[in-house]
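J.:
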Amino acid sequence: MTLAVSLPTEQRPDHQEDSHWLPVCDRSALTPGRGVAALLPDGGQVALFLDRAGRPYAIDNRDPFTGAYVLSRGLTGSADGRPFVASPLLKQRFDLETGTCLDDPAVSVPVYRVREIN
Amino acid sequence: MAATAVPTLVLIGHGMVGQRFLEALADRGVTERARVVVLCEEPRPAYDRVQLTSYFSGRTPEDLSLIDPDFMARHGIELHLGDPATAIDRAARTVTARSGLTVAYDTLVLATGSYPFVPPVPGADSAGCFVYRTVEDLLAIEEYAKNCRTGTVVGGGLLGLEAAGALKGLGLRTRIVEFQPRLMAVQVDEGGGSALRRTVEEMDIDVHTGVGGKEIVAGGDGAVRAMELSDGSRVETDLVIFSAGVRPRDQLARDCGLAVGERGGIVVDERCRTEDPAVYAIGECALAADGKVYGLVAPGYEMAATAAATIAGDHEAAAFTGADTSTKLKLLGVDVASFGDAHGATPGCLDVVYADSRSGVYKKLVIGADGELLGGVLVGDAESYGLLRPLTGTVPPLAPEQLVLPAGAGAPAGALGPAALPDDAVICNCHNVTKGTIRSAVSEHSCTTVPEVKKCTKAGTGCGSCVKALTTLVNDELTAGGVVVDQGLCGCFPHTRAELYEIVRTRRLTSYAELLDGHGRAEARGGDGCETCKPTVASIIASLAPTVGADGYVLDGEQSALQDTNDHFLANLQRNGSYSVVPRIPGGEITPEKLITIGEVARDFGLYTKITGGQRIDLFGARVDQLPRIWARLVDAGFESGHAYGKALRTVKSCVGQTWCRYGVQDSVRMAIDLELRYRGLRSPHKLKSAVSGCARECAEARGKDFGVIATSNGWNLYVGGNGGADPRHADLLAQDLSDAELIRLIDRFLMFYIRTADRLERTSAWLERIEGGLDHVRDVVVHDSLGLCGELESLMAAHVSAYRDEWADTLADPDRLARFVSFVNAPGAPDPAVRFVPERDQIKPDLPLLSGPTLPVRTLADAPTASGTRTLEGTATR
Numbered sequence: 000m001t002l003a004v005s006l007p008t009e010q011r012p013d014h015q016e017d018s019h020w021l022p023v024c025d026r027s028a029l030t031p032g033r034g035v036a037a038l039l040p041d042g043g044q045v046a047l048f049l050d051r052a053g054r055p056y057a058i059d060n061r062d063p064f065t066g067a068y069v070l071s072r073g074l075t076g077s078a079d080g081r082p083f084v085a086s087p088l089l090k091q092r093f094d095l096e097t098g099t100c101l102d103d104p105a106v107s108v109p110v111y112r113v114r115e116i117n
Numbered sequence: 000m001a002a003t004a005v006p007t008l009v010l011i012g013h014g015m016v017g018q019r020f021l022e023a024l025a026d027r028g029v030t031e032r033a034r035v036v037v038l039c040e041e042p043r044p045a046y047d048r049v050q051l052t053s054y055f056s057g058r059t060p061e062d063l064s065l066i067d068p069d070f071m072a073r074h075g076i077e078l079h080l081g082d083p084a085t086a087i088d089r090a091a092r093t094v095t096a097r098s099g100l101t102v103a104y105d106t107l108v109l110a111t112g113s114y115p116f117v118p119p120v121p122g123a124d125s126a127g128c129f130v131y132r133t134v135e136d137l138l139a140i141e142e143y144a145k146n147c148r149t150g151t152v153v154g155g156g157l158l159g160l161e162a163a164g165a166l167k168g169l170g171l172r173t174r175i176v177e178f179q180p181r182l183m184a185v186q187v188d189e190g191g192g193s194a195l196r197r198t199v200e201e202m203d204i205d206v207h208t209g210v211g212g213k214e215i216v217a218g219g220d221g222a223v224r225a226m227e228l229s230d231g232s233r234v235e236t237d238l239v240i241f242s243a244g245v246r247p248r249d250q251l252a253r254d255c256g257l258a259v260g261e262r263g264g265i266v267v268d269e270r271c272r273t274e275d276p277a278v279y280a281i282g283e284c285a286l287a288a289d290g291k292v293y294g295l296v297a298p299g300y301e302m303a304a305t306a307a308a309t310i311a312g313d314h315e316a317a318a319f320t321g322a323d324t325s326t327k328l329k330l331l332g333v334d335v336a337s338f339g340d341a342h343g344a345t346p347g348c349l350d351v352v353y354a355d356s357r358s359g360v361y362k363k364l365v366i367g368a369d370g371e372l373l374g375g376v377l378v379g380d381a382e383s384y385g386l387l388r389p390l391t392g393t394v395p396p397l398a399p400e401q402l403v404l405p406a407g408a409g410a411p412a413g414a415l416g417p418a419a420l421p422d423d424a425v426i427c428n429c430h431n432v433t434k435g436t437i438r439s440a441v442s443e444h445s446c447t448t449v450p451e452v453k454k455c456t457k458a459g460t461g462c463g464s465c466v467k468a469l470t471t472l473v474n475d476e477l478t479a480g481g482v483v484v485d486q487g488l489c490g491c492f493p494h495t496r497a498e499l500y501e502i503v504r505t506r507r508l509t510s511y512a513e514l515l516d517g518h519g520r521a522e523a524r525g526g527d528g529c530e531t532c533k534p535t536v537a538s539i540i541a542s543l544a545p546t547v548g549a550d551g552y553v554l555d556g557e558q559s560a561l562q563d564t565n566d567h568f569l570a571n572l573q574r575n576g577s578y579s580v581v582p583r584i585p586g587g588e589i590t591p592e593k594l595i596t597i598g599e600v601a602r603d604f605g606l607y608t609k610i611t612g613g614q615r616i617d618l619f620g621a622r623v624d625q626l627p628r629i630w631a632r633l634v635d636a637g638f639e640s641g642h643a644y645g646k647a648l649r650t651v652k653s654c655v656g657q658t659w660c661r662y663g664v665q666d667s668v669r670m671a672i673d674l675e676l677r678y679r680g681l682r683s684p685h686k687l688k689s690a691v692s693g694c695a696r697e698c699a700e701a702r703g704k705d706f707g708v709i710a711t712s713n714g715w716n717l718y719v720g721g722n723g724g725a726d727p728r729h730a731d732l733l734a735q736d737l738s739d740a741e742l743i744r745l746i747d748r749f750l751m752f753y754i755r756t757a758d759r760l761e762r763t764s765a766w767l768e769r770i771e772g773g774l775d776h777v778r779d780v781v782v783h784d785s786l787g788l789c790g791e792l793e794s795l796m797a798a799h800v801s802a803y804r805d806e807w808a809d810t811l812a813d814p815d816r817l818a819r820f821v822s823f824v825n826a827p828g829a830p831d832p833a834v835r836f837v838p839e840r841d842q843i844k845p846d847l848p849l850l851s852g853p854t855l856p857v858r859t860l861a862d863a864p865t866a867s868g869t870r871t872l873e874g875t876a877t878r
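Chains as they are written, first to last, in numbering that gives the first Met the number 0: chain A, 0 to 117; chain B, 0 to 878.
(1) Does DSSP put THR509(B) in a helix, a strand or coil?
(2) How about LEU101(A): is its C-beta nearer than 8 angstroms to some C-beta of chain B?
(3) Which residues share a DSSP beta bridge with ASP355(B)?
(4) I want to verify the contact list: residues of chain A whose CB lies under 9 angstroms from the CB of GLY528(B), in sequence order.
(5) Applying the criterion that 16 or more other CB atoms from any shown protein chain within 10 Å of the CB defines a buried residue, is ARG748(B) buried or exposed?
(6) Starting from the beta carbon of ASN825(B), find every residue of chain A whose beta carbon is closer than 7 angstroms, and list them in chain order.
(7) Would the C-beta of PHE116(B) count as close to the ligand NAP, meaning under 7 angstroms from any of its heavy atoms?
(8) Could you tell me which chain A residues have their CB closer than 8 angstroms to the CB of LYS533(B), listed as they occur along the chain?
(9) Beta-carbon of THR65(A) versus every beta-carbon of chain B: anything under 8 angstroms?
(10) Is there a Cβ of chain A sitting closer than 8 angstroms to that of PRO830(B), yes or no?
(11) Which residue wins for smallest C-alpha separation from ALA643(B), given the options PHE568(B), ILE709(B), TRP659(B), ARG622(B)?
(12) Would TRP630(B) be called buried (16 or more neighbouring beta carbons within 10 Å of its own) or exposed?
(13) Starting from PRO82(A), find everything on chain B with Cβ-Cβ shorter than 7 angstroms and list it in chain order.
(14) To the nearest angstrom, report how far apart PRO591(B) and PRO585(B) are at their CA atoms.
(15) Go through its chain and collect everything with a Cβ distance to ILE539(B)'s Cβ below 7 angstroms, but skip five positions before and after it.
(16) Would you mind sorting THR889(B) into buried or exposed? The rule is 16 or more other CB atoms within 10 Å of its CB.
(17) Nearest-angstrom Cα distance between THR236(B) and ARG58(B)?
(18) Taking Cβ to Cβ, would you say CYS284(B) is nearer than 8 angstroms to ALA306(B)?
(19) Residues of chain B with CB closer than 7 angstroms to the CB of PRO104(A), please, in chain order.
(20) Which whole-angstrom value is the C-beta distance of ARG622(B) and ASP831(B), which I expect to be below 8 angstroms?
(21) Please identify the residue among GLY190(B), CYS255(B), GLU315(B), THR198(B) whose C-alpha is closest to the C-alpha of SER337(B).
(22) Does ARG114(A) come within less than 8 angstroms of chain B when only Cβ atoms are used?
(23) Between PRO87(A) and chain B, is any beta-carbon pair separated by less than 8 angstroms?
(24) Between which two residues does the alpha helix (DSSP H) harbouring GLY191(B) extend?
(25) If we require 4 or more residues per run, which alpha helix (DSSP H) segments fall completely within the segment 422-499 of chain B?
(26) Output yes if chain A places a C-beta closer than 8 angstroms to the C-beta of LEU572(B); else output no.
(27) Starting from PRO887(B), follow its DSSP beta bridges and name the residues at the other end.
(28) Just to make sure I have the definition right: I need the residues of chain B whose C-beta is within less than 9 angstroms of the C-beta of GLY98(A). Which are they?
(29) Using a Cβ-Cβ cutoff of less than 7 angstroms, which residues in the same chain neighbour ARG878(B) once the five nearest sequence positions on both sides are dropped?
(30) Assess contact between the segment 33-51 of chain B and the segment 319-333 of chain B, defined as three or more Cβ pairs (one per stretch) separated by less than 8 angstroms. Is contact present?
(31) Is THR99(A) near GLY32(A), with beta carbons less than 8 angstroms apart?
(32) Residues of chain B with CB under 8 angstroms from VAL69(A), in chain order?
(33) Check the Cβ-Cβ distances between GLY620(B) and every residue of chain A, and say whether any is below 8 angstroms.
(34) Determine whether the Cβ of ALA46(A) lies closer than 8 angstroms to any Cβ atom of chain B.
(35) For a quick check, are the C-beta atoms of ILE240(B) and TYR361(B) less than 8 angstroms apart?
(36) What do you reckon, are the CB atoms on ARG615(B) and TYR803(B) nearer than 8 angstroms?
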């Protein structure tokens, strides 16, 4: 099983529907609770996570508070039933489903759709 | 001489009370309006005479100093050291000092203290006879004792017992001769005296009571040989310390015609003024308005405050009409306390006594005719002092016999708590803080923790004996105010770290998920935990790994997902997403070959190098994908992980010690290496730092460490709970003159007890201050084995030591473990384009503007190499 992320529209070659999903890695490359980073065709970076139940999440890898591309290296958790990752630098938490910073709602990171493909 | 335009205040004597008086003057602005001249007999400024004996356990005279180095300069005070006043001319209002200096005064304050009373026995001026009062006395005793085998202390009071302990510590066969029928006759009664005597004798100190010295016998060289006693017996001794009480130093006052008491002491009124309105007397030289001379420092401080207030023109301030002489002390390791009417002098009073000779415990309460508590004596167990003293004068809420029974022996638990005390009961005697003040700190000043209340009220910041009562009061008040005191670690667990440690240890749990689902808060079970508890539990499991059967390698399976990024990549994350690398350099000792290897690795990978505070070398600017290749080179050269990334032992610093240094008395480098290799890899609640100094000059700064070792000529002194950083704290002496084996065994126990009971991210310094009973409790547990835990603590450490493996060598040996060291899961060979550097001072620094910019220089998938091996950003070298 391969995990794939959905690219923003402007990055889709020829706007073709079947290239809408960018295959990233095999699911087995991820440990629940731990993230990995993937490089996008335009040089951007995405952070992928699996939660304890095996659900995948993808958000932008850039920590907006420091500018460093490190969110994939944060620790995940759940608060009030919402999955989050805490930046490994200054520990702000980001909702993995909405990208909103739980400690400063004015800040958010882009969220990517993610699914499994065969 | 007439008074000058700026009034002049002369202070004679710069002891503890004199210094407190100067501080009070400065606080009231008097030092800005007046010239202040201080004449001090001793060659050093005010120091803590109460703690004098701690010189023998390693505190230097500088440690004992009571003044900031710039205090005198800041307040424009003229301090003349080593120049005592010799005469006062009250008519001319001048003081003359030994050097000939004559100062005209408008106000004169006498704070000349006391002098030790030396009984008028023949031979008392022989070489080898000392008194025990100043730092200079101690230095002289220490020097003379080097050539002695036996020592005798004349006087079995408070200071006499301290002096005996000091002689014992100097390795002398020690004897106490006390004229009174018991030890500490002023403070304790007969029963307390015999309990104390038994305990002192068990320490191998001979005690003779009811006899006095009749003559000191000197040899032909004028040095002490023996002492003849009033009962006709004779004891051989090489050294004598007179500690038979003190007398007020009032000679200057007598000479200038001021009134003194029948038994000495300069007569003063409630404002500490003598019959001459321009002259004041404070402290031990004064005979207070209640007709007493006070030999304790607390009343002296009160007199200093009163005199300063009066001189500043504040006549509303508290007058000095007498003081509470309650005391609680630890002498030779024995708790001794007395309070109120300890000797039962009140007509019609009755005693309630509990005595257990086997354990050396004696407690007596004096109860008045109406059932009120009048006073008491506690020897061997003074735990209840903090509660009993404030109850003095009231009818206690429990029958007196229940108040003296040991805990668990029939005394209803908790029935006599701080809750039972009235609001005006003084909880903190050192700072005179009442229960009401503490309660209002919580209810009115919004303090919600004990440290906040300590800061707000100063309660508990003196001797610390009231912290237990203080904690209970604060928690009671918080609960009463509707604040739920949730001690839980985080939103996932209702337990403290120490409780989680016990759960993991006793249930032998090796899985975070199992712990969360079985012991987490209901709403957190089945969830993903959080960034607080995951690394905490990972650390607990790692600390206990060999014991509970978990894998000691922290990066396999579920353990891997619990670690902070630093532990996960075995390196330290820096602000631009790069990592730094710190190889272990035990004790800071390194061969030239290894230094060259570090230099070559840094050069070849283009890393920034810096010497750390812990005597090792930090290499900055490595990308995740470079870490395995950097470490392959380091491990090849014989390096191993320095655990700079972990909440674990960091370094054990050392000075070069006896091997090279002309002052060194032990091999500090060897000990530092032994300790670093023993405790390397030990996971703990927070980082652990250590150091070993080869002599008392302390070049390794061991007292700023979690556990610091300082060499003595007899072995090692162990200090614990030190800290640098934002909240510096000098480490406290835990034990002295230890052999190598004793030292290591004690550190084993100390570290394991800390790991077991500390909170998350709580350094040893904060832990020592928080834990109930503080340093004394920790000493009881790890030195005296009061909880019977020591065997277990030692075996836990033994398991750690034998299970240690180098994490980096293990990682390099396993391709699966190496797989994580890539910047991108979908382009394993591609370096991270966001990790870039710019030059600075011939090295690199992070390119931070790159990170703040809207877009990055593009390295797309199309041109990213797919095989590993690209080195384009690795630096300039090609080897």
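C-beta: ideal position from N, C-alpha, C; glycine also.
T.: The answer reads as follows:
(1) Position 510 of the second sequence, counted from the start, is the residue given in the question as residue 509(B). Looking at THR509(B) - three-state DSSP - the assignment turns out to be coil, as it is neither helix nor strand.
(2) Here the question's residue 101(A) lines up with position 102 in the first sequence. Not an interface residue.
(3) Working through the second sequence from its first residue, we reach residue 355(B) at position 356. Beta-bridge pairing links ASP355(B) to VAL360(B).
(4) Here residue 528(B) refers to the residue found at position 529 of the second sequence. The answer, in chain order, is GLY32, ARG51, LEU74, THR75, GLY76, SER77.
(5) By one-based count along the second sequence, residue 748(B) stands at place 749. Flag for ARG748(B) reads buried.
(6) Numbered from its first residue, the second sequence carries residue 825(B) at position 826. Contact of ASN825(B) with chain A by beta-carbon distance below 7 angstroms involves VAL23, CYS24, ALA37, LEU38.
(7) Among the ligands in the structure shown, none appear at all, so the ligand NAP cannot be discussed.
(8) The residue given as residue 533(B) occupies position 534 in the second sequence. Residues of chain A passing the Cβ test: GLY32, LEU74, GLY76.
(9) As a first step, residue 65(A) is located in the first sequence; it is residue number 66 there, counting from the start. With 8 angstroms as the cut-off, THR65(A) counts as an interface residue toward chain B.
(10) The residue labelled residue 830(B) in the question sits at position 831 within the second sequence. No - not a single Cβ of chain A is within 8 angstroms of the one on PRO830(B).
(11) Looking up residue 643(B) in the second sequence gives position 644. Considering only alpha carbons, the answer is PHE568(B).
(12) As a first step, residue 630(B) must be located in the second sequence, where it is residue number 631. So TRP630(B) ends up on the buried side.
(13) Position 83 of the first sequence, counting from 1, holds the residue named residue 82(A). Within 7 angstroms Cβ-Cβ: ASP527.
(14) In the second sequence, residue 591(B) corresponds to position 592, counting from 1. In the second sequence, residue 585(B) corresponds to position 586, counting from 1. Roughly 14 angstroms between the two C-alpha positions.
(15) The residue given as residue 539(B) occupies position 540 in the second sequence. If we look at ILE539(B) and ignore the five residues flanking it on each side, its Cβ neighbours are LEU499, TYR500, VAL503.
(16) Because chain B spans 0 through 878 in this model, residue 889(B) falls outside it and cannot be assessed.
(17) Here residue 236(B) refers to the residue found at position 237 when the second sequence is read from its first residue. Here residue 58(B) refers to the residue found at position 59 when the second sequence is read from its first residue. Approximately 28 angstroms between the Cα atoms of the pair.
(18) Reading the second sequence from its first residue, position 285 is the one you call residue 284(B). Reading the second sequence from its first residue, position 307 is the one you call residue 306(B). Taking 8 angstroms as the cut-off, the beta carbon of CYS284(B) is found no closer than this to the beta carbon of ALA306(B).
(19) In the first sequence, residue 104(A) corresponds to position 105, counting from 1. Neighbours of PRO104(A) on chain B: none; closest Cβ ~18 angstroms, over 7 angstroms.
(20) On the second sequence, residue 622(B) is found 623 positions in, with the first residue counted as 1. On the second sequence, residue 831(B) is found 832 positions in, with the first residue counted as 1. That belief holds up - the Cβ atoms of ARG622(B) and ASP831(B) are roughly 6 angstroms apart, short of 8 angstroms.
(21) Your numbering for residue 337(B) matches position 338 in the second sequence. With distances taken between Cα atoms, SER337(B) lies closest to GLY190(B).
(22) If you number the first sequence from 1, residue 114(A) lands on position 115. No, its Cβ sits nowhere closer than 8 angstroms to a Cβ of chain B.
(23) The residue labelled residue 87(A) in the question sits at position 88 within the first sequence. Closer than 8 angstroms: yes.
(24) Residue mapping note: residue 191(B) aligns to position 192 of the second sequence, counting from 1. Going by DSSP, GLY191(B) is part of the alpha helix (DSSP H) stretching over 189-201.
(25) 434-442, 449-456, 466-479
(26) Counting from 1 along the second sequence, the entry for residue 572(B) is found at position 573. Yes, LEU572(B) counts as interfacial toward chain A.
(27) Absent from the model: residue 887(B). The displayed extent of chain B is 0 to 878, so no value can be given.
(28) For the purposes of this step, residue 98(A) is taken as the residue at position 99 of the first sequence. Here the premise fails: no neighbours, minimum Cβ distance about 17 angstroms.
(29) Along the second sequence, one-based indexing puts residue 878(B) at 879. Reliability of the predicted coordinates at ARG878(B) is poor, the pLDDT of 34 falling under 50, and no value is obtained from them.
(30) Under the three-pair Cβ rule at 8 angstroms, the segment 33-51 of chain B does not count as touching the segment 319-333 of chain B.
(31) Translated into the one-based positions of the first sequence, residue 99(A) becomes position 100. Translated into the one-based positions of the first sequence, residue 32(A) becomes position 33. The answer is no: Cβ separation not under 8 angstroms.
(32) Against the first sequence, residue 69(A) aligns to sequence position 70. Those are THR564, LEU572, GLY576, listed as they occur along chain B.
(33) Numbered from 1 along the second sequence, position 621 holds the residue referred to as residue 620(B). Contacts with chain A at 8 angstroms (Cβ-Cβ) do not include GLY620(B).
(34) Counting from one through the first sequence, the residue named residue 46(A) turns up at place 47. No, no contact with chain B.
(35) Reading the second sequence from its first residue, position 241 is the one you call residue 240(B). Reading the second sequence from its first residue, position 362 is the one you call residue 361(B). Not a contact, by the Cβ cut-off of 8 angstroms.
(36) Working through the second sequence from its first residue, we reach residue 615(B) at position 616. Working through the second sequence from its first residue, we reach residue 803(B) at position 804. No, the pair does not count as a contact, with Cβ atoms beyond the cut-off.
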